[in-house]
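**Student:** Structure below; questions to follow.
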Amino acid sequence: MTARPLTSAVAPPPDWILARRRAVGDRIRELWTWRNLTQEKLAEKCDMDRQSVNRIEQGHQAPGLDTLIRIGEALSVPLADLVRGV
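Just so we're aligned, residue 32 is where the sequence shown starts under the working numbering, counting upward by one.
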């Protein structure tokens with residue numbers, strides 16, 4: 032009987048997914064900049080920390096649906112506007 036590893040390596044997402052994550056992040060940055068907000072203010076409005084907002088913008092973190100809904104509400108845009116064209 033062979034021992035199973037306690038953790039399994041998860042393959043990173045393909046480049047096309049990372050590119051789309053970054054596109055969503057670019058859209059979020061564009062909207063908060065247009066609204067004269069900062070990452071800190073957006074994070075505060077979304078009940079998140081600034082680092083999470085930054086990771087989402089950079090494509091390093093995949094935001095869940097609830098997070099995207101919060102961001103859309105904070106920016107006064109429909110959820111679809113965050114992912115349009117991605």
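Yeah, the Cβ is synthetic: ideal placement off N, Cα and C, and Gly gets one too. Quick caveat, the model's predicted, so the values are computed rather than measured.
Excluding the 5 residues flanking Ile100 on each side, which residues of the same chain have their C-beta closer than 7 angstroms to its C-beta?
**Tutor:** Only Leu110 meet the Cβ criterion.
**Student:** To test your reading of the DSSP string, which unbroken beta strand (DSSP E) runs of 3 or more residues are found completely within the segment 53-79?
**Tutor:** Counting whole runs of 3 or more residues, the segment 53-79 contains no beta strand (DSSP E) stretch at all.
**Student:** Just how far apart, CA to CA, sit Leu68 and Leu62?
**Tutor:** Using only the alpha carbons, I get a separation of about 9 angstroms.
**Student:** Does the Cβ-Cβ distance between Arg60 and Gly90 come in under 7 angstroms?
**Tutor:** Not a contact, by the Cβ cut-off of 7 angstroms.
**Student:** Val84 by DSSP, collapsed to three states: which one?
**Tutor:** It is helical.
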